[in-house]
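Asker: As you go down the protein sequences, you meet chains A and S in turn.
In this text, residue positions in the first sequence follow my numbering: the first is 1, and each later residue adds one.
In this text, residue positions in the second sequence follow my numbering: the first is 1, and each later residue adds one.
We put the beta carbon where it would ideally sit given N, CA and C, even for glycine.
Number of protein chains: 2
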Amino acid sequence: MSQKKNRLKAKLFVVEGIKGINEFLDSHFELQQLFTTQDIFEAECELISDKDLLRISNLKSPNTAIALFKMPDPKPLVNKGLILVLDDVRDPGNLGTIIRLCDWFGISQLICSQETVDCYNPKVVQATMGSLTRVQINYLDIEEYIENSTLPSYGTFMDGASIYKTKLPSEGLIIMGNEANGISPSIEALVDVRIGIPRFGNLKATESLNVATATAIVLSAFKGR
Amino acid sequence: MSQKKNRLKAKLFVVEGIKGINEFLDSHFELQQLFTTQDIFEAECELISDKDLLRISNLKSPNTAIALFKMPDPKPLVNKGLILVLDDVRDPGNLGTIIRLCDWFGISQLICSQETVDCYNPKVVQATMGSLTRVQINYLDIEEYIENSTLPSYGTFMDGASIYKTKLPSEGLIIMGNEANGISPSIEALVDVRIGIPRFGNLKATESLNVATATAIVLSAFKGR
Chain A
1 MSQKKNRLKA KLFVVEGIKG INEFLDSHFE LQQLFTTQDI FEAECELISD
51 KDLLRISNLK SPNTAIALFK MPDPKPLVNK GLILVLDDVR DPGNLGTIIR
101 LCDWFGISQL ICSQETVDCY NPKVVQATMG SLTRVQINYL DIEEYIENST
151 LPSYGTFMDG ASIYKTKLPS EGLIIMGNEA NGISPSIEAL VDVRIGIPRF
201 GNLKATESLN VATATAIVLS AFKGR
Chain S
1 MSQKKNRLKA KLFVVEGIKG INEFLDSHFE LQQLFTTQDI FEAECELISD
51 KDLLRISNLK SPNTAIALFK MPDPKPLVNK GLILVLDDVR DPGNLGTIIR
101 LCDWFGISQL ICSQETVDCY NPKVVQATMG SLTRVQINYL DIEEYIENST
151 LPSYGTFMDG ASIYKTKLPS EGLIIMGNEA NGISPSIEAL VDVRIGIPRF
201 GNLKATESLN VATATAIVLS AFKGR
């Protein structure tokens, strides 16, 4: 299950640790199988040894239990509110942080390009800390999606207009790009408003912010006014 | 040099990769020694084999060169502007992200408690992407420091007043706490203004934001108005 093609075939994914498993048990996700070294769950479980847990876990120091949950069928999208769109975000830690941010800021729909890392990747599941149960995630052709949406689209660019000075709406698509290359040209062509996070420090420095950090700042600007 | 006590004894730290090394060479940091598999630097260097580079590197896939730089002596603190204070931040990736954020938002002074992870830890150096050359970092007794500062202190708490509704000054101390425990009680007692990032999503969910993500949002709120 640590490989995407196996997860997709079986339509199952792995959750590890007591806290994470309980969050999924309390949600609309359906349990397939639960292996644990201690009989502490309300769900039906199979007791295993510490040695077996270590053998099947993706973690160096597994925590008590490992579970297989069924991937839910994709829900229909609702064309309202703020919707976050990811254009090819590749790092599992970044996607995990972004899912937690959506949960925090009440962004209930997250659209990912087909190239974006799988949200059921074990590293993403661990990094989301249960937020995955509260944010609806759809993988689709984002070019087609943006083109067909009636909502205004806001793309983030290094040279975009300051998020602190731009009027940011309560409904719209917020597009974040790839770690190394930003938003791809075909998506850039569809952006209605180019926004950016102004740099206050040394202007000669060429570094950009990490995409998860930038998402935190952009979502805060949209929601916090 | 991957151990803190050895770094402190020698007052040297490691930088890896062409880009990072060039950023340090272009800064006020003083080079001690540079090992490289290609003679592409302006500084004096020692040519080594790929095999030797792999042997001395902290990385699985080292990139061309590894250098030792001298730790600068701590500069005196200036009691003005916005100053970020970290109370026991332990994760190297979080500190690296926070240093990059200081650089981005023009926060030139970062104060770390003695328990905060060492900024010359190789993982921090890799994560800062050169920002370490532009942010002044002092490790000290932050309780004493906050007590003696004439600047107002802003501490971040889960139940603090909304950063979106609180008047945030252009001068002051911004205090961020430990990953698991937040700001410690002895520091909490010294905080003038308790601020927080309001949650817009599901209010039952108990997760907090990661400290680096929270720092991004808080610094953005201080600077972006």
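So, with DSSP's three-state summary, where would you put residue 87 of chain S?
Answerer: The count along the second sequence starts at 1 and reaches residue 87 of chain S at position 87. DSSP places residue 87 of chain S in coil when its eight states are reduced to three.
Asker: Looking only at C-alpha atoms, which of S/209, S/106, S/172 sits nearest to residue 199 of chain A?
Answerer: Here residue 199 of chain A corresponds to residue number 199 of the first sequence, with the count starting at 1. Ranking S/209, S/106, S/172 by Cα distance to residue 199 of chain A puts S/106 first.
Asker: Against residue 212 of chain S, what residues of chain A qualify as contacts under a CB-to-CB distance less than 8 Å, listed in chain order?
Answerer: Position 212 of the second sequence holds residue 212 of chain S. Near residue 212 of chain S (Cβ distances below 8 Å), the residues of chain A are 213.
Asker: Quick check on DSSP: helix, strand or coil for residue 227 of chain S?
Answerer: Given that chain S is displayed from residue 1 to residue 225, the structure contains no residue 227 of chain S and the question cannot be resolved.
Asker: Inspect the beta-carbon positions of residue 195 of chain S and residue 154 of chain S and report whether they are closer than 8 Å.
Answerer: On the second sequence, position 195 is the one that residue 195 of chain S refers to. On the second sequence, position 154 is the one that residue 154 of chain S refers to. Result yes, Cβ atoms of residue 195 of chain S and residue 154 of chain S sit closer than 8 Å.
Asker: May I ask you to report which of helix, strand or coil DSSP gives residue 47 of chain A?
Answerer: Numbered from its first residue, the first sequence carries residue 47 of chain A at position 47. Reduced to three states, the DSSP call for residue 47 of chain A is strand.
Asker: From which residue to which residue does the beta strand (DSSP E) around residue 70 of chain A run?
Answerer: Your numbering for residue 70 of chain A matches position 70 in the first sequence. Residue 70 of chain A -> beta strand (DSSP E) spans 65-70.
Asker: When we look at the beta-carbon of residue 134 of chain A and count the other beta-carbons within 10 Å, is it buried (16 or more) or exposed?
Answerer: The residue you call residue 134 of chain A lines up with position 134 of the first sequence. With 16 or more other CB atoms across the displayed protein chains lying within 10 angstroms of its CB, residue 134 of chain A is buried.
Asker: So, helix, strand or coil for residue 17 of chain S, using DSSP?
Answerer: Looking up residue 17 of chain S in the second sequence gives position 17. In this structure, residue 17 of chain S counts as coil in the three-state DSSP scheme.
Asker: According to DSSP, residue 29 of chain A sits in a beta bridge with which residue or residues?
Answerer: Along the first sequence, read from residue 1 onward, the residue named residue 29 of chain A stands at position 29. The partner list for residue 29 of chain A (beta bridge, DSSP) is empty, contrary to what the question assumes.
Asker: On the DSSP bridge assignment, give the partners of residue 112 of chain A in chain order.
Answerer: Here residue 112 of chain A refers to the residue found at position 112 of the first sequence. Partner(s): A/86, A/139.
Asker: What residues of chain A sit near residue 18 of chain S, judged by a beta carbon separation below 9 Å?
Answerer: Here residue 18 of chain S refers to the residue found at position 18 when the second sequence is read from its first residue. None at all; the shortest Cβ gap to chain A is about 14 Å.
Asker: To which residues of the same chain is residue 191 of chain A closer than 6 Å at the C-beta, ignoring the five residues directly before and after it?
Answerer: The count along the first sequence starts at 1 and reaches residue 191 of chain A at position 191. So the list reads 153, 155, once near-sequence residues are dropped.
Asker: Looking at residue 78 of chain A and the ligand ADP, is the gap between the Cβ and the nearest heavy atom below 7 Å?
Answerer: As presented, the structure is devoid of all ligands, the ligand ADP included, so that no description of it is given.
Asker: Taking C-alpha atoms, which residue in S/10, S/23, S/9, S/6 lies nearest to residue 125 of chain S?
Answerer: As a working note, residue 125 of chain S is residue 125 in the second sequence. For residue 125 of chain S, the nearest C-alpha among the options comes from S/23.
Asker: Between residue 182 of chain A and residue 39 of chain A, what straight-line distance do the alpha-carbon atoms span, to the nearest angstrom?
Answerer: Residue mapping note: residue 182 of chain A aligns to position 182 of the first sequence, counting from 1. Residue mapping note: residue 39 of chain A aligns to position 39 of the first sequence, counting from 1. For residue 182 of chain A and residue 39 of chain A, the distance between alpha carbons rounds to 47 Å.
Asker: Tell me the residue span of the beta strand (DSSP E) that contains residue 41 of chain S.
Answerer: Position 41 of the second sequence holds residue 41 of chain S. That residue, residue 41 of chain S, is in no beta strand (DSSP E); it is neither H nor E in DSSP.
Asker: For the alpha helix (DSSP H) containing residue 93 of chain S, name the first residue and the last one.
Answerer: If you number the second sequence from 1, residue 93 of chain S lands on position 93. Where residue 93 of chain S is concerned, the enclosing alpha helix (DSSP H) stretches over 92-105.
Asker: In the DSSP output, which residue or residues are listed as bridge partners for residue 156 of chain S?
Answerer: Sequence index remark: in the second sequence, residue 156 of chain S carries index 156 (1-based). Paired residue(s): S/195.
Asker: Return the CA-CA distance between residue 18 of chain A and residue 64 of chain A, expressed in angstroms with no decimal places.
Answerer: Along the first sequence, read from residue 1 onward, the residue named residue 18 of chain A stands at position 18. Along the first sequence, read from residue 1 onward, the residue named residue 64 of chain A stands at position 64. In a straight line, the C-alpha of residue 18 of chain A is about 7 Å away from that of residue 64 of chain A.
Asker: With three or more beta-carbon pairs closer than 8 Å as the criterion, would you say the segment 117-132 of chain S touches the segment 83-101 of chain S?
Answerer: yes
Asker: Our contact map puts residue 102 of chain S next to residue 139 of chain S with C-beta atoms below 8 Å; I'd like the distance itself, whole angstroms only.
Answerer: On the second sequence, residue 102 of chain S is found 102 positions in, with the first residue counted as 1. On the second sequence, residue 139 of chain S is found 139 positions in, with the first residue counted as 1. That pair is no contact at about 15 Å.
Asker: When you check each C-beta in the segment 116-149 of chain A against every C-beta of chain S, which residues fall closer than 7 Å?
Answerer: Correct list: 129, 130, 131, 134.
Asker: The beta strand (DSSP E) with residue 174 of chain A in it runs from where to where?
Answerer: Here the question's residue 174 of chain A lines up with position 174 in the first sequence. Per DSSP, residue 174 of chain A belongs to the beta strand (DSSP E) from 172-176.
Asker: Since residue 163 of chain S contacts residue 221 of chain S with CB under 8 Å, what's their CB separation in whole angstroms?
Answerer: Taking the second sequence and counting its residues from 1, one reaches residue 163 of chain S at position 163. Taking the second sequence and counting its residues from 1, one reaches residue 221 of chain S at position 221. So it is a contact: roughly 4 Å between Cβ atoms.
Asker: Please state the DSSP three-state secondary structure of residue 24 of chain S.
Answerer: Within the second sequence, numbered from 1, the residue matching residue 24 of chain S stands at position 24. Look at residue 24 of chain S here: in three-state DSSP terms it is helix.
Asker: Output needed in chain order: residues of the segment 56-75 of chain A with a Cβ under 8 Å from some Cβ in chain S.
Answerer: For the segment 56-75 of chain A, the beta-carbon criterion of a distance under 8 Å to any beta-carbon of chain S is satisfied by none of its residues.
Asker: According to DSSP, is residue 180 of chain A part of a helix, a strand, or is it coil?
Answerer: As a first step, residue 180 of chain A is located in the first sequence; it is residue number 180 there, counting from the start. If DSSP states are grouped into helix, strand and coil, residue 180 of chain A belongs with coil.
Asker: Return yes when the Cβ of residue 158 of chain A is within less than 8 Å of the Cβ of residue 215 of chain A, no when it is not.
Answerer: Within the first sequence, numbered from 1, the residue matching residue 215 of chain A stands at position 215. Within the first sequence, numbered from 1, the residue matching residue 158 of chain A stands at position 158. It is not a contact, given that the beta carbons lie outside the stated cut-off.
Asker: Would the beta-carbon of residue 91 of chain S fall within 8 Å of that of residue 179 of chain S?
Answerer: Within the second sequence, the letter at position 91 stands for residue 91 of chain S. Within the second sequence, the letter at position 179 stands for residue 179 of chain S. Contact flag set, yes.
Asker: Compute the Euclidean distance between the alpha carbons of residue 186 of chain S and residue 143 of chain S, then round it to the nearest angstrom.
Answerer: The count along the second sequence starts at 1 and reaches residue 186 of chain S at position 186. The count along the second sequence starts at 1 and reaches residue 143 of chain S at position 143. Each residue's Cα considered, the two are about 7 Å apart.
Asker: Between which two residues does the alpha helix (DSSP H) holding residue 188 of chain A run?
Answerer: Within the first sequence, the letter at position 188 stands for residue 188 of chain A. In the DSSP annotation of this structure, the continuous segment of the alpha helix (DSSP H) that includes residue 188 of chain A starts and ends at 185-188.
Asker: How far does the alpha helix (DSSP H) with residue 79 of chain A in it extend, from its first residue to its last?
Answerer: The residue you call residue 79 of chain A lines up with position 79 of the first sequence. Where residue 79 of chain A is concerned, there is no enclosing alpha helix (DSSP H), given that its DSSP letter is neither H nor E.
Asker: Just mark residue 47 of chain A as buried or exposed, buried being the case when its beta carbon has 16 or more other beta carbons within 10 Å.
Answerer: Taking the first sequence and counting its residues from 1, one reaches residue 47 of chain A at position 47. With fewer than 16 other Cβ atoms within 10 Å, it is exposed.
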